[in-house]
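Comments concern the structure below.
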Amino acid sequence: MVTPTVTIGKEQHIWAYDADMQPVVTVDPGTVIEIQTWDCFTGQVQSESDTVANLDIHRVNSATGPIAVRGAEPGDSLSVTLIDIRPEEKGAAMCIPEWGQLIHKVQSPVTRIFKVKDGIVHMNENVSWPQRPMFGVIGVAPASGSIPTFEANRHGGNLDNNMNGIGATVHLPVFQPGGQLAIGDMHASMGDGEISGTGVEIGGTAIIQVNLIKGKSGGWPITETADSWITHGTSPDNIDVALQNACEEAAKLLVDEWGFTIEDAFIFLSVAGDLGIAQYCHPSPGSVIAKMRVPKTKATPRPFKL
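So the sequence shown is numbered by the numbering used here: it starts at 96 and just counts up by one.
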């Protein structure tokens with residue numbers, strides 16, 4: 096594994112992606128960085144008696160950074176490769192009575208503490224499974240204004256895509272000089288939809304590499320894995336809009352990058368793509384997020400070349 100040359104501690108973090116935010120460090124393209132992140136509760140949850148009723152909601156979803164990349168300008172892309180993600184040994188998940196798909200079944204807040212050891216997540220003595228570490232929050236400074244870290248949009252933010260894990264590269268459009276990357280909201284495991292509003296929320300350390308692609312931008316975040324491209328669609332509260340946005344971005348990729356007609360793109364996505372929900376714990380303060388997986392084939396080579 097490549098040795099990081101820069102380390103950024105979790106005390107250097109943001110609560111919102113601001114258009115004019117200033118970096119804590121500036122790095123060259125290709126730099127390997129070690130980042131430390133809080134759990135999404137910023138250390139407020141230590142036992143099962145710590146429920147959402149006790150939380151300072153203004154201290155949720157911190158993101159470590161910002162990191163400026165030298166030479167990055169609007170119209171470029173930052174390509175962030177998640178080389179390794181190392182969760183700590185204790186995480187937490189919650190039922191929040193006002194959030195998610197089972198709110199009609201849950202009358203009171205509940206917290207569960209998870210142990211994570213030797214790559215296994217333990218819910219209790221009978222329930223355990225392999226960890227799937229990933230980041231919920233990854234984004235850059237937006238074109239204008241200020242966007243809380245618990246929301247998602249073109250700049251990235253709280254995408255909550257569980258495919259943003261070890262080995263993935265997230266291609267982020269640049270809207271401000273330097274890009275201003277910030278990452279947080281680590282999960283030891285998170286299901287599609289994150290239906291209660293939490294994964295296994297946990298602090299930890301990650302090794303990332305940040306590269307710069309000049310003059311190339313997808314307009315929205317695009318995740319690349321060994322076998323797939325994944326586009327994102329968001330909405331404040333409408334899952335139909337989010338799903339359509341994810342499909343439109345996938346079709347745009349097929350048409351603009353690989354010469355598909357819109358009709359062939361529509362059919363290809365229907366027969367070979369996978370439409371899914373990244374986060375849908377509505378009603379909640381966060382965004383509704385959909386994702387569309389486009390398989391890598393010889394007809395869909397890399398549009399992002401370093």
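All C-beta atoms, glycine included, are put in the ideal place defined by N, C-alpha and C. What you are looking at is a predicted structure, and each value in this text was computed from that prediction instead of being measured.
6 Å Cβ shell around residue i - same chain, five flanking residues per side excluded
| i | result |
| --- | --- |
| G406 | Since the first residue shown for the chain is 96 and the last is 401, residue 406 is missing from the structure and cannot be characterised. |
| A367 | P390 |
| D123 | R165 |
| T102 | E129 |
| V201 | C190, P192 |
| T300 | Q131, R181 |
| G73 | One cannot answer for residue 73 here, as it falls past the ends of the chain, which runs 96 to 401. |
Best match in the options for proximity to residue i [C-alpha to C-alpha]
| i | options | result |
| --- | --- | --- |
| S330 | I242, A187, E246 | E246 |
| S239 | F355, P272, H217 | P272 |
| I242 | N156, N259, T356 | N156 |
| V127 | G170, C190, K386, I303 | I303 |
| S223 | D213, V232, M229 | D213 |
| D179 | K309, A263, S323 | A263 |
| P192 | T146, A301, N248 | T146 |
| G260 | N340, V120, R181 | R181 |
| N257 | H108, A385, G104 | A385 |
| A188 | G288, T293, I162 | T293 |
Secondary structure of residue i, DSSP reduced to three states
| i | result |
| --- | --- |
| A385 | strand |
| V140 | coil |
| H108 | strand |
| S284 | coil |
| D113 | strand |
| W133 | coil |
| Q196 | coil |
| H377 | coil |
Residue burial classification, residue i (beta-carbon count within 10 angstroms, cutoff 16)
| i | result |
| --- | --- |
| P396 | exposed |
| E184 | exposed |
| A394 | exposed |
| Q308 | A small fix is needed here, since residue 308 is Ile in this sequence, not Gln. Its Cβ being crowded by 16 or more others within 10 Å, I308 is buried. |
| S379 | buried |
Beta-carbon proximity list for residue i, same chain, < 8 Å, skipping 5 on both sides
| i | result |
| --- | --- |
| I290 | G195, Q196, L197, Y375, C376 |
| H404 | Summary: the structure shown does not reach residue 404, with the chain confined to residues 96 through 401, and so no result is reported for it. |
Cross-strand partners of residue i (DSSP beta bridge)
| i | result |
| --- | --- |
| A346 | Per DSSP, none; premise fails for A346. |
| P243 | A111 |
| V101 | I128 |
| W324 | E319, V389 |
| W224 | V216 |
beta-carbon residue i near the ligand ATP non-hydrogen atom, thresh 6 Å
| i | result |
| --- | --- |
| H153 | Within the structure as shown, the ligand ATP is missing, as the structure has no ligands at all. |
Within-7 Å CB hit, residue i to chain D
| i | result |
| --- | --- |
| I297 | Any reference to chain D falls outside this structure, which holds one protein chain only. |
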